[in-house]
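Inspection log for the structure reproduced underneath, given as structure tokens.
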Amino acid sequence: MAEGKTLVKGSPKDIQKNQKVLDSYLGYGNESKNKTSLEAKNISAGYGEQIIIRNIDLDLHESSITTIIGPNGCGKSTFLKSISGIINPVEGEVSIYGSNVTELNTFELSKKGLGYFPTV
42 MAEGKTLVKG SPKDIQKNQK VLDSYLGYGN ESKNKTSLEA KNISAGYGEQ
92 IIIRNIDLDL HESSITTIIG PNGCGKSTFL KSISGIINPV EGEVSIYGSN
142 VTELNTFELS KKGLGYFPTV
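FYI, the numbering for the sequence shown is 42 to 161, going by our numbering.
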């Protein structure tokens, strides 16, 4: 990143196409974009006897932005809690950079870049 320094000067159109700007915001090359950082396979999760989500798969890649959307009560928060280690999935496995999320403590998860920040 630019660490608060000016990367380039020019018109918005020129700045948008500048390689320094692209590298700062999108990363360098395709290598990191293709690397899987978080993988969820066949996730089913819920609370007690109530299963909320079933058989969900997700691959997240470095330098990508992913949005999970859906109506109220469809299981978005349950899924996010299960992939971030707050609740253990009833079925399936979640790994971050190859490490099983259920085997890592909160500090180890945060060092790998995984956190859960709910809004009220």
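Positions of the beta carbon are idealized from the N, C-alpha and C atoms, including for glycine.
Whether residue i touches residue j by CB criterion (7 Å)
i: P53; j: A86; result: no
i: S125; j: I84; result: no
i: K58; j: E134; result: no
i: I94; j: F120; result: yes
i: K117; j: I106; result: no
i: H102; j: T77; result: yes
i: K152; j: Y138; result: no
Residue i (DSSP reduced to helix, strand or coil)
i: L155; result: coil
i: K82; result: strand
i: T47; result: coil
i: I145; result: For clarity, residue 145 is Leu in the given sequence; the question names Ile instead. L145 falls in the coil class under three-state DSSP.
Cβ separation of residue i and residue j, assumed to be a contact under 8 Å, to the nearest whole Å
i: Y157; j: I127; result: 6 Å
Point to revise | Minimum length 3: unbroken beta strand (DSSP E) runs contained in the stretch 104-139 | key: 132-137
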